[in-house]
Amino acid sequence: MTTHPANQQFDVIVVGAGPAGSAAALLVARAGLKVLLLERGEYPGAKNVSGAVFYGSAILNELIPNWWEQAPVERPVCRRDIAFMSPTTAVALDFRCAGAGFATAPYNGFTVLRPKFDRWLAAQAEAAGAFVLTSAVVDDVLRENGRIVGVRVRREQGEIYGKVVIACDGVNSFLAKKAGLQREFHPHELSLGVKEVLGLDPAIIQDRFHLTDNDGIAYEYLGAITEDVHGGAFLYTNRDSLSLGVIGQVSSLVERRKRPYELLERFKAHPAVAPLVRGGKLREYSAHLIPESGWAMKPKLYTDGMLVAGDAAGFCLAAGLYLEGMNYAMQSGLAAAETAILACQKGNFSARTLSVYQKNLKQRHVSTDFRAYRHAPSFVNGPRLQNLYPEMVAQGMEQIFRVDGAPKRKILPLAYRMVRQSSIKPGQLLRDVYQVARAYLW
């Protein structure tokens, strides 16, 4: 391999200081290797959307024991609600747990504000010995004899060389495309999330959401709140704020000619949501693309001298019951780091050596989860599950509970009548039952 100036030569270059990139840099630095973490924002987290739920507490605890005692977390998530909406009604499934692992250490998950959390995690990598370079826009990969050997940065540093490059640069991974590992995505494979952070007094949050001490709740909504756009909405409680937003499939937004911020305003005005956000003061507004097709949009994950992790690899599990991204980003970043460390130990950076990444992803249950739920995204992101069925559930419950002097309706005849009145054909209903079974039961 050609030699390069020492100050421009690293064992590993990680591009993107989100959960995947910072976790990878932290593990590589602890192995005693020279690692550079590049971030295009002014600081790690500057380009990320505020407000999220991080379900990877146990994962991070392996790296940083009792990490929640020092990290800028908001509230442990002890309740999760899934609400099915009509224009005027909401029917919710409410899960709550005050037991060990949810309300107490090691916790199942926390609400976090991404700029604060990502900045903290990158600082842990830097403290372990990683070099962190911000405001660094990567324009291209560098190649020698067909192998990727570094990156070209739009700064005075110019060309920076590394034995292994780990691309953690987000859903529209520029590096993965430059390396020929990722194709262009179709609009139906991506969703656009628009989000607000609303300031609210902690005492009001605790009283309004019936929370004990610092406990938190995550709401997820399906149905009429996105009108005829395929998507959903969410609301999370932070210490002194609420994170809320809507997510709409890009192709559906374009086809229906709907503006995401209009759907967000409609969501906030819904009778089941308006009392929860009343009095909140806008602190932040942001938007972000989300990879939601799971296994179907997974790129080739490695080539000579390069690995792909996090959102760049499509590791966001949008499978209805499971809406998780940060934990899989972190796990894939750690798997990529383990692979890069092994390659440096062997002194071999070929695709054959880096192919052990697939084994590491399986051991960390990333590829196994995405393969197991590979059929879920196409069904979950379809119009009937995201729009029609939730609204039917809400309207059905409204009719069951209505007292108007008419005879009481039994549930099966009522359901049959609602199906007959809807646009669902019997064949579609049977296919959907099969899709549910295939996605979740076997």
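In the UniProt record's numbering, the protein residues as written are 1 to 442. Every residue gets a Cβ at the ideal spot worked out from N, C-alpha and C, and that includes glycine.
One question on the structure: do residue 159 and residue 142 come within less than 8 Å of each other, judged by their Cβ atoms? yes
Within 10 angstroms of its Cβ, does residue 441 collect 16 or more other Cβ (buried), or is it exposed? exposed
For residue 180, count neighbouring C-beta atoms within 10 Å of its own C-beta (all shown protein chains included) and say buried if the count is 16 or more, exposed if not. exposed
Who are the Cβ neighbours of residue 2 in its own chain at under 7 Å, not counting the five residues just before and after it? Below a pLDDT of 50, predicted positions are generally treated as unreliable, and residue 2, at 48, falls in that range; the measurement from the model is reported next regardless. Counting only Cβ-Cβ distances below 7 Å, and skipping sequence neighbours, we find 144.
Since residue 69 is in the alpha helix (DSSP H), which residue starts that stretch and which ends it? No alpha helix (DSSP H) holds residue 69; DSSP gives it neither H nor E.
Keeping to the same chain, check which residues put their C-beta closer than 7 Å to that of residue 320; ignore five residues upstream and five downstream. 376 and 380
Under a three-way DSSP split, which group does residue 178 fall into? helix
Where does residue 9 fall in DSSP's three states? strand
Say whether chain D places a C-beta atom closer than 8 Å to the C-beta of residue 411. Protein chain content of the structure displayed is limited to a single chain, and chain D is not contained in it.
Where the alpha helix (DSSP H) through residue 227 begins and ends: Here residue 227 belongs to no alpha helix (DSSP H), and DSSP marks it neither H nor E.
Contained beta strand (DSSP E) runs [length at least 3] in the segment 208 to 293, N- to C-terminal order: 216 to 223, 231 to 237, 241 to 249 and 281 to 291
DSSP beta-bridge partners of residue 359: Paired residues: none, contrary to the question.
Distance, residue 53 Cα to residue 315 Cα: 15 Å
Identify every residue that forms a DSSP beta bridge with residue 83. 92 and 221
CB-CB under 7 Å to residue 271, same chain, minus the five flanking residues each way: which ones, in chain order? 88
Return the CA-CA distance between residue 238 and residue 99, expressed in angstroms with no decimal places. 20 Å
Any alpha helix (DSSP H) of 4 or more consecutive residues that is wholly inside the segment 110 to 136: 114 to 127
Separation of residue 25 from residue 170, as counted between CA atoms: 16 Å
Roughly how many whole angstroms lie between the Cα atoms of residue 121 and residue 18? 8 Å
Going straight from the alpha carbon of residue 107 to that of residue 364, what length do you get? 19 Å
Residue 357 and residue 339 - do their beta-carbons sit closer together than 8 Å? yes
Contacts around residue 293, its chain only, beta-carbon distance under 6 Å, and the 5 residues preceding and following it disregarded: 189 and 377
Cβ shell of residue 147 (< 6 Å), same chain only, five flanking positions each side left out: 304 and 305
Checking the sheet assignment: what are the DSSP bridge partners for residue 54? 110
Quick test of the definition: if touching needs 3 or more C-beta pairs under 8 Å, does the segment 394 to 410 touch the segment 335 to 349? no
Using three-state DSSP, classify residue 44 as helix, strand or coil. coil
Report yes if the C-beta distance between residue 291 and residue 176 is below 8 Å; otherwise report no. no
Close-in-space but distant-in-sequence residues of the same chain around residue 136 (CB under 7 Å, 5 per side omitted): 38, 39, 40, 153 and 155
Taking C-alpha atoms, which residue in 359, 354 and 35 lies nearest to residue 162? 35
Please state whether DSSP places residue 139 in a helix, a strand or coil. strand
Kindly give me the distance between the Cβ atoms of residue 29 and residue 130, rounded to whole angstroms, as I take these residues to be in contact under 8 Å. 4 Å
Any contact between the segment 416 to 424 and the segment 242 to 250? By contact I mean 3 or more CB pairs, one from each, below 8 Å. no
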